[in-house]
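Residue numbers for the sequence shown follow our numbering, beginning at 386 and rising by one.
Each residue gets a CB set at the ideal place from its N, CA and C atoms; glycine is no exception.
Report on one structure; see the data block that follows.
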Amino acid sequence: MKQEQWCVRVPVREGEPIRQQLISDGVLDTSFKPARDGAFLLFPVTDPARATERWECEANVKAIPLPRHDLVGGIAIMQDDDPEAAELLLGSRPSLHTVLHAETPVSGEYRTRGFRVLAGVPVTATECTEYGMRLKIDLEAAYFSPRLANERQRIVSLMEEGERVCDMFAGVGPFAVALAEKAEIVFAGDLNPGAVLLMEENIRINHRHNVIPMLADALHLGEILTTGSFDRIIMNLPMSPVPFFETAVRLVRPGGTIHLYAMQEMEGEYREMIEAYPCTIAKEHRVRSYSAAQHHAVYDITRSGK
């Protein structure tokens with residue numbers, strides 16, 4: 386029996402890497418079988434924001450309903466505190482070694498969360514692969530979201546060879562390591578010492594010799610780095626980017642780009658703040674749904690002037 390579902394359409398030749406990414410992001414709907422339409426595959430997904438269209442898919446009668454979760458490497462993060470469901474989830478994928486429950490939201494100066502082990506090995510550290518990068522993660526030491534993998538690749542695709550980049554809230558370094566592929570140099574700062582230690586390791590294992598890790602408060606980067614010298618600024622602090630925007634504007638050269646990530650309830654919430662500076666918004670893009678009321682957005686901003 387077929388049923389209309391939200392799906393992602395991809396060329397057949399890209400099917401397997403996209404399928405793996407959807408699994409990693411925790412949005413592949415395994416209760417339905419992928420469909421084929423000529424030279425394209427259609428993967429059913431649980432998140433309409435990730436879909437390209439609706440398509441009739443056949444139910445996967447062998448699929449076992451699994452609890453809602455996010456995947457980070459070999460760790461699954463469940464929304465519910467349910468050890469029995471965690472054991473079911475742990476047994477569903479050979480790649481999993483741990484199932485966690487997030488007991489606290491992202492909070493504090495270092496943007497971290499507290500976790501409880503529901504099943505498997507009692508650790509919060511893992512390693513994940515993202516578009517050829519290897520990233521060492523410790524979920525209690527530093528925040529990390531695999532859901533921005535496609536967004537990181539979008540920024541890489543926008544870059545010119547030899548750019549100077551500043552990542553103001555680098556975390557464990559996923560943006561910095563990805564963008565270093567094209568950049569001349571990437572200055573990557575974070576206030577969290579645990580994040581910077583992991584970033585240094587990720588720079589090393591990915592052989593990125595053009596990334597400079599910094600233990601630094603983003604508010605003071607304008608005093609440390611040369612103002613007006615960067616082609617591109619990454620501002621991935623979605624809950625509270627406003628206090629840091631002036632620093633980003635100081636750092637970027639005229640004609641350069643700032644990518645500001647923000648949580649918002651409606652489109653254009655940050656437009657007035659951005660346009661109070663010598664800046665124009667080239668594009669506003671919905672990255673993903675965050676909750677029923679909010680979505681994660683990115684503003685691609687061009688610095689005006691000469």
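Select from V395, I540, L582 the residue whose C-alpha is nearest the C-alpha of I643.
Walking along the sequence shown from the start, residue 643 turns up at place 258. Measuring from the Cα of I643, the nearest candidate turns out to be I540.
For P419 versus L426, is the C-beta spacing smaller than 7 Å?
For the purposes of this step, residue 419 is identified with residue 34 of the sequence shown, where counting begins at 1. For the purposes of this step, residue 426 is identified with residue 41 of the sequence shown, where counting begins at 1. A contact, by the Cβ cut-off of 7 Å.
Relative to the C-alpha of L524, which residue among G476, G459, T612, E569 is closest?
If you number the sequence shown from 1, residue 524 lands on position 139. That would be G459, whose Cα lies nearest to the Cα of L524.
Taking all protein chains shown into account, decide if M599 is buried (16 or more other Cβ within 10 angstroms of its Cβ) or exposed.
Residue 599 sits at position 214 when you count from the first residue of the sequence shown. So M599 ends up on the buried side.
Buried versus exposed, by CB contacts within 10 Å (16 or more), D552:
For the purposes of this step, residue 552 is taken as the residue at position 167 of the sequence shown. With 16 or more Cβ atoms within 10 Å of its Cβ, D552 is classed as buried.
So F572 and I597 are in contact, right, with Cβ under 8 Å, and what is the actual spacing, rounded?
The sequence position of residue 572 within the sequence shown is 187, counting from 1. The sequence position of residue 597 within the sequence shown is 212, counting from 1. Their Cβ separation, rounded to whole angstroms, is 5 Å, which keeps F572 and I597 in contact under 8 Å.
For the alpha helix (DSSP H) that contains D414, what are its first and last residues?
The count along the sequence shown starts at 1 and reaches residue 414 at position 29. The continuous stretches of alpha helix (DSSP H) do not include D414, and DSSP gives it neither H nor E.
Compare the Cα-Cα distances from R638 to each of T687, A534, P468 and report the closest residue.
In the sequence shown, the residue the question calls residue 638 occupies position 253. Of the listed residues, the one whose Cα sits closest to R638 is T687.
Alpha carbon to alpha carbon, how far is L582 from A563? Give it in angstroms, no decimals.
The residue given as residue 563 occupies position 178 in the sequence shown. The residue given as residue 582 occupies position 197 in the sequence shown. About 17 Å.
I'd like the span of the alpha helix (DSSP H) that includes G607, first residue to last.
Sequence index remark: in the sequence shown, residue 607 carries index 222 (1-based). In the DSSP assignment, G607 falls within the alpha helix (DSSP H) that extends over 606-609.
Quick one, are the C-beta atoms of R671 and A682 less than 7 Å apart?
Walking along the sequence shown from the start, residue 671 turns up at place 286. Walking along the sequence shown from the start, residue 682 turns up at place 297. Yes, the Cβ-Cβ distance between R671 and A682 is below 7 Å.
Hey, T431 and V412: beta-carbon distance below 7 Å or not?
On the sequence shown, residue 431 is found 46 positions in, with the first residue counted as 1. On the sequence shown, residue 412 is found 27 positions in, with the first residue counted as 1. Contact flag set, yes.
Short Cβ contact (7 Å threshold) for G574 with A527
Counted from its first residue, the sequence shown places residue 574 at position 189. Counted from its first residue, the sequence shown places residue 527 at position 142. No, these two residues do not count as a Cβ contact at 7 Å.
Have a look at A534, G641, S689 and flag the residue whose alpha-carbon is nearest the alpha-carbon of A661.
Taking the first residue of the sequence shown as 1, we reach residue 661 at position 276. Of the candidates A534, G641, S689, the one whose C-alpha sits nearest the C-alpha of A661 is S689.
Considering only the alpha carbon of each residue, which of E399, E472, R656, E569 lies closest to R617?
To locate residue 617, count along the sequence shown from 1; it is residue 232. E569 is the residue among E399, E472, R656, E569 whose C-alpha sits nearest the C-alpha of R617.
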